[in-house]
Amino acid sequence: MVKSSYTAKAFIHDLVEMRSAVGVNNSRFYKDEGDGNEFLDVRMANIFALAKAYIKMPVADIEQLLDNKYYEVRMGAVSIMDFQARERKVTDETRQSLFELYINRHDSINNWDMVDRSAPYVVGGYLFDRDRTILYQLARSKNIWERRTSIVSTYYFIRKNEVNDTFKIAELLIHDKQDLVNKAAGSWIREAGKRDPKRLVSFLEKHAPTMPRVALRYAIEKLDKKQKAYFMEQTKRSIS
């Protein structure tokens with residue numbers, strides 16, 4: 016699909032045209048407790064396809080999408096950001112602009128799937144060869160989605176065989192009170208553990224007795240049965 020216009024207005028028009036009469040309820044994906052969010056009920060696959068068609072959208076127009084009250088429009092925005100950040104020929108200037116937009120407008124990136132859709136390449140990709148202090152600041156944030164961003168962004172590092180930040184940030188999040196942060200921490204140390212199994216086991220030896228069970232279950236998912244049973248037993252002993 017070749018577009019003659021890559022504006023926010025054109026994107027929203029095309030997105031509204033994709034609304035489904037029946038069978039779609041995107042509110043089931045939405046976990047943020049903020050008010051004022053509305054839903055167009057466009058299928059996720061269609062949102063992603065449209066976002067790819069609008070990959071040339073200027074950053075200023077992407078920010079206009081992030082201002083929109085509709086969840087699907089904002090999901091489209093972060094998807095465009097992700098597609099741009101993945102481009103082989105993306106310039107350093109564009110990478111920086113996307114990163115800064117993500118961080119500065121995190122108030123609009125306010126659901127788990129928006130974070131997961133864009134943080135690895137928009138944030139992690141930008142920070143790969145730069146100072147990563149901001150991830151530790153986000154890990155200490157009062158905002159649940161900023162904390163989730165801190166760990167999800169490290170997936171880019173994991174793909175490059177760097178796991179240190181994943182485990183260090185997971186330690187900051189290990190006793191988080193939010194289920195969606197627990198699941199992210201468990202999932203990403205599991206992925207890091209595929210690259211460094213000994214580091215994962217060492218992490219679990221230290222934290223399994225006290226970490227939330229949901230995080231533990233995600234973390235041990237790829238371990239063998241004996242290891243799974245061992246670490247689950249550590250949790251039971253700490254409760255008894």
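For the working numbering, count along the sequence shown from 1 and bump the result up by 15.
Cβ coordinates follow ideal geometry from the N, Cα and C atoms, glycine included.
Does the beta-carbon of residue i have 16 or more other beta-carbons within 10 angstroms, so that it is buried, or is it exposed?
i: E161; result: buried
i: P212; result: exposed
i: A23; result: buried
i: P73; result: exposed
i: E206; result: buried
Compute the Euclidean distance between the alpha carbons of residue i and residue j, then round it to the nearest angstrom.
i: I70; j: N41; result: 23 Å
i: T181; j: G140; result: 14 Å
i: I8; j: L150; result: Only positions 16 to 255 of the chain appear in this structure, which leaves residue 8 out of reach.
i: N119; j: M59; result: 25 Å
i: M33; j: A100; result: 25 Å
i: F246; j: L30; result: 47 Å
i: Y170; j: L65; result: 25 Å
i: E78; j: A92; result: 8 Å
i: V130; j: A234; result: 20 Å
i: H121; j: F26; result: 21 Å
i: D146; j: K243; result: 35 Å
Hey, does residue i have any beta-carbon neighbour from chain D nearer than 8 Å?
i: L195; result: Here there is only one protein chain, and chain D is not present.
Since residue i contacts residue j with CB under 8 Å, what's their CB separation in whole angstroms?
i: A200; j: I166; result: 6 Å
i: A154; j: L187; result: 4 Å
i: K84; j: E108; result: That pair is no contact at about 30 Å.
i: N197; j: V229; result: 5 Å
Quick one: what's residue i bridged to in DSSP?
i: E161; result: None, per the DSSP bridge assignment.
i: E53; result: Y85
Quiz item: Could you give the uninterrupted runs of the alpha helix (DSSP H) lying entirely in the stretch 69-155, keeping only those of 4 residues or more?
Solution: 74-81, 86-101, 107-119, 127-133 and 148-154
Practice problem: Identify every run of the alpha helix (DSSP H) within the stretch 155-213, keeping only runs that are complete inside it and at least 4 residues long; order them along the chain. | Solution: 159-167, 170-174, 179-188 and 194-210
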